[in-house]
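Under UniProt numbering, the letters of the sequence shown match residues 1 to 126, in that order. Positions of the beta carbon are idealized from the N, C-alpha and C atoms, including for glycine. Since the structure is predicted, the reported quantities are computational estimates derived from the model, not experimental observations.
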Amino acid sequence: MIGDGSMVLVAAAAVLCGGVASVLRYLVSVLLGGRGTLQWAVLVVNVVGSALGGAVLGLAESGVISTDLRLILLGGVAGGLTTFSTWSVETVELALTGKWFRSALNVGLNIVLGSLVATAAWLLVQ
């Protein structure tokens, strides 16, 4: 059904998956929001989304999943789950309130962990 190339079905699936992933992101922020010194909820969803992205990339390159499924998983699920705009705003808010170290740590952890898990997931599915 999804592999038949129908743009409408693929777009609908991406929208549906993105919506579900957005709800999951919200639930993670409810569970982890406001705890400790870092923005843990955003870090968790960004790292999980990066792992998903790396795995999807590897599976698509290997021909295990279709281009359509790649779009649904990356654009829909990972796009709905991850939150670059929220991460950016939270990083700026930390800096504006004088929490420079936390702001820099937020940047570093999201970039380093996101890149590492994306690479690890890609390697795992090869």
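Reference residue i; option with closest CA among the options
| i | options | result |
| --- | --- | --- |
| residue 99 | 39, 24, 57, 112 | 39 |
| residue 42 | 116, 111, 126 | 111 |
For residue i, three-class secondary structure by DSSP
| i | result |
| --- | --- |
| residue 33 | coil |
| residue 65 | coil |
| residue 6 | coil |
| residue 119 | helix |
| residue 76 | helix |
| residue 86 | helix |
| residue 91 | helix |
| residue 53 | helix |
Beta-carbon proximity of residue i to residue j, cut-off 9 Å
| i | j | result |
| --- | --- | --- |
| residue 80 | residue 17 | yes |
| residue 118 | residue 72 | no |
| residue 121 | residue 21 | no |
| residue 82 | residue 49 | yes |
9 Å Cβ cutoff, residue i in contact with chain B
| i | result |
| --- | --- |
| residue 83 | Of the protein chains in the structure, only one exists, and it is not chain B. |
The segment 92-112 contacting the segment 61-73, beta-carbon criterion three pairs below 8 Å: no
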